[in-house]
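Under my numbering, the final residue of the sequence shown carries the number 236; numbering is consecutive throughout.
Below is one structure, written out as structure tokens, with a few remarks after it.
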Amino acid sequence: MKKALATLYVFVVFFYAHLSVAQDCGGYFNFKKGMKVEMTSYDKKDRPTAVTKYEVIDYKPVDGGTSLAFAHETYDAKGKLMAKSESVGKCVDGDYHTDIRNISGDMMPKSPDMKVSITGDQMVYPRDLKVGDDLKDASINIKSGFEGGMTIMNMNANITNRKVEAYETIETPAGKFDCAKLTYNMQMKFMGNRTLKCVEYLAKGVGLIKTEQFDEKGNRQAYMVVTKIEGQ
């Protein structure tokens, strides 16, 4: 059970980190090769729980757009490396497409007997975000278990009601940013059913600045903010 929870936790961290950077996307994602970003996660009591670091390491033309490669590292609150891997995204006509299926078992807590598989939809972020815009829904499934043995985790998450709610100014240790505020519901089926209300703040020409997750009663359960940007 502890392995299942650890896998889920790292998945959530990388889910948000994977949304955070892109090269030549224009709009709300505009990072360059070599740019490094650090994001710190906190629990509902404002205690740091993890630090995620990522870097744009490559980009190349593909059919209809640009393919982007990212390197990721996640550390726990004590600075111990939890997971490390690479992933890709794609820009098409200025819109950013992030494919959750790129998150592999290499990003999850290490175990020689553990196998992880992830399936799901692309999350699309348009070049232009206007208050009132509705964005495309998505669904994700993550399974983990022992090679040739039983499944110990089978999580489904449906992301619905994505929309641009407002524009706000967000201040973080990395600076102050004018952001588009995106909201959506995440219905998760894992050790029971629950629904989270999620909020993302995107700064034009920068990317993801802050995320928040609230329970069904509106109580904030966790959040993540940019704490350092290098090579912008």
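Glycine is no exception: its CB is placed at the ideal position from the N, C-alpha and C atoms.
As the structure is a computational prediction, the values presented were derived from the model and not from experiment.
Could one say the Cβ of residue i lies closer than 9 Å to chain C's Cβ atoms, at least one of them?
i	result
C95	Of the chains in the structure shown, none is chain C; there is only one protein chain.
Measuring only the C-alpha atoms, how far is residue i from residue j?
i	j	result
S89	S121	15 Å
E204	M86	24 Å
Y79	D47	15 Å
D132	Y32	8 Å
F218	I174	18 Å
R198	M192	5 Å
V55	M157	24 Å
G38	D99	21 Å
D182	T123	33 Å
D137	K232	30 Å
F194	S143	14 Å
A26	D50	With a pLDDT of only 46 at A26, under 50, the local geometry of the prediction cannot be trusted, and no value is derived from it.
V135	M127	19 Å
D62	K221	42 Å
E234	K40	5 Å
D225	F150	Note that residue 225 is Gln in the sequence shown, not Asp. In a straight line, the C-alpha of Q225 is about 30 Å away from that of F150.
N145	V92	19 Å
G211	G196	33 Å
P113	K84	No answer about P113 holds up, because its pLDDT of 49 lies below 50 and its placement is not dependable.
E169	E77	31 Å
N162	D141	8 Å
D125	A178	31 Å
D28	K64	In this predicted model, D28 has a pLDDT of only 48, less than 50, meaning its place in the structure is not dependable enough to derive any value.
S45	D67	35 Å
Ends of the beta strand (DSSP E) at residue i?
i	result
A184	G179 to K193
T203	Here residue 203 turns out to be Val, not Thr, going by the sequence shown. Start and end: N197 to A207.
N160	T155 to T176
N223	Where N223 is concerned, there is no enclosing beta strand (DSSP E), given that its DSSP letter is neither H nor E.
V135	Counting along the chain, V135 falls outside any beta strand (DSSP E), and DSSP gives it neither H nor E.
A54	P52 to V66
Y32	That residue, Y32, is in no beta strand (DSSP E); it is neither H nor E in DSSP.
V128	Q126 to Y129
M86	L85 to V96
V41	K40 to D47
K214	G211 to F218
Which whole-angstrom value is the C-beta distance of residue i and residue j, which I expect to be below 8 Å?
i	j	result
L139	K180	Contact flag wrong, Cβ pair sits at about 25 Å.
S148	K119	7 Å
T176	V230	5 Å
K36	L72	K36 to L72, Cβ: 11 Å. No contact.
V60	F74	6 Å
M43	M228	5 Å
Hey, residue i and residue j: beta-carbon distance below 9 Å or not?
i	j	result
T215	Y188	no
T102	Y129	yes
M190	K201	yes
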